[in-house]
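First residue of the sequence shown: 2, per our numbering; consecutive thereafter. Each residue gets a CB set at the ideal place from its N, CA and C atoms; glycine is no exception. Here is the structure we will look at.
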Amino acid sequence: MQVNEISRIDREGTEVVIVASAFGADSIRRDGHAFWAAAAARAGADGFEVRRELLANEADAQAGSLAQLGDRISALGLWAVYSTPATLFHDDGSLDRAALELAIDEAAALNAHIVKLQLGGTERGVATDPATLDRLMTGIAASKARVVVENGQLKAGGTIGAFDALFAALPDQSGLAMTFDTGNWHWAEQDPLDAARRLAPHVAYVHCKAVMGEGARRFAAAPANGDARFATLLAHLPGDVPRGIEYPFIPGADVSLDADAARQVARIAAF
């Protein structure tokens with residue numbers, strides 16, 4: 002039995018995904034996702050999030066290349082998340098059906114379990130008229146992967162009210178769910194705990210990170226040991242959805258990158 006297999010068994014519970022960017026954007030672009038997916042497997046992760054913006058070129062986003070990457074991720078004993086920076090809604094609040102279709106097609110090629118887009122829209126929210134919602138649900142119905150939208154770092158696509166209004170307008174079985182990013186709310190000047198209380202029923206995936214600094218100098222960091230606020234936030238979210246690590250691993254003189262990744266996987270699972 003491999004070390005990563007032991008850690009997964011001992012963990013018993015929440016699945017943990019390592020987001021590719023946790024290894025460093027430059028490292029992913031230089032070495033490719035498959036190289037770092039192996040590091041995620043060694044760390045005991047259950048899944049690996051492929052980031053479209055970190056693919057080296059457009060050729061890597063073609064169906065054949067994504068299928069090869071998906072096969073390599075699966076061979077490592079991991080399942081895949083496919084993340085695109087594309088927004089589900091245009092800047093004017095209207096549905097971007099083409100972006101949804103492309104994300105779904107690329108996720109299918111990768112054989113991803115989850116496909117993640119940004120919400121987009123305006124600071125006031127997104128279109129929720131019946132015709133728009135029908136087109137949205139028809140598009141989602143074509144996806145084998147779970148379709149989720151993430152709260153971003155801008156107020157356009159990053160406010161609690163925008164997500165609240167969209168999910169309130171959708172039927173319960175719409176097929177759309179949410180990636181709840183614990184840190185991005187701070188950039189958008191929203192209260193993460195209020196967001197968790199209001200949006201928890203719609204959350205299917207959690208991006209985990211703490212935030213250090215203020216204003217434009219904010220940056221993602223690992224939650225501190227005994228971080229009561231972070232623990233309380235997670236306690237208000239579903240405990241049976243995957244948690245993604247989206248803060249940088251920090252190797253040092255006394256700890257390797259692999260060792261820090263393994264430590265962080267265990268910590269996020271245990272919070």
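Could you check whether residue j and residue i sit closer than 8 Å to each other, using their CB atoms as the reference points?
i: Gly78; j: Ala38; result: no
i: Val18; j: Val116; result: no
i: Pro172; j: Glu16; result: no
i: Leu120; j: Val127; result: yes
i: Ala87; j: Leu67; result: no
i: Gly184; j: Ala132; result: no
i: Gly245; j: Val20; result: yes
i: His114; j: Ala146; result: yes
i: Asp228; j: Ala44; result: no
i: Val150; j: Leu194; result: no
Taking residue i and residue j to be in contact with their CB atoms under 8 Å, please state how far apart those CB atoms are, rounded to whole angstroms.
i: Ala201; j: His237; result: 6 Å
i: Ser144; j: Asn112; result: That belief does not hold up - the Cβ atoms of Ser144 and Asn112 are roughly 12 Å apart, past 8 Å.
i: Phe181; j: Ala232; result: Phe181 to Ala232, Cβ: 15 Å. No contact.
i: Thr139; j: Gly94; result: With a Cβ gap of about 19 Å, Thr139 and Gly94 do not count as contacting.
i: Ala189; j: Leu155; result: 6 Å
Would you say residue i faces chain B, with C-beta separation under 8 Å as the test?
i: Trp186; result: The structure shown contains no chain B; it is built from a single protein chain.
With residue i as the anchor, note down where its beta strand (DSSP E) starts and where it stops.
i: Thr139; result: Taken as a continuous stretch (DSSP letters only), Thr139 belongs to no beta strand (DSSP E), being part of the alpha helix (DSSP H) at 131 to 142.
i: Gly184; result: Segment: none, Gly184 is in no beta strand (DSSP E) and carries neither H nor E.
Is residue i buried or exposed, if buried means 16 or more other CB atoms sit within 10 Å of its CB?
i: Pro224; result: buried
i: Asp97; result: buried
i: Glu215; result: exposed
i: Ile251; result: exposed
i: Glu102; result: exposed
i: Thr22; result: As written in the sequence, residue 22 is Ser, which differs from the Thr given in the question. Buried, because 16 or more other Cβ atoms sit within 10 Å of the Cβ of Ser22.
i: Glu59; result: exposed
i: Ala64; result: exposed
Can you tell me where the alpha helix (DSSP H) with residue i in it begins and where it stops?
i: His203; result: Premise fails: His203 is in no alpha helix (DSSP H) and is neither H nor E.
i: Leu118; result: Taken as a continuous stretch (DSSP letters only), Leu118 belongs to no alpha helix (DSSP H), being part of the beta strand (DSSP E) at 115 to 121.
i: Glu50; result: Not the alpha helix (DSSP H): Glu50 falls in the beta strand (DSSP E), residues 48 to 52.
**Asked** Counting Cβ pairs closer than 8 Å, one from the region 20 to 33 and one from the region 50 to 69, do we hit at least three?
**Response** yes
**Message:** For the region 204 to 223 against the region 161 to 169, do three or more pairs of beta-carbon atoms, one drawn from each stretch, fall closer than 8 Å, so that the two count as touching?
**Reply:** no
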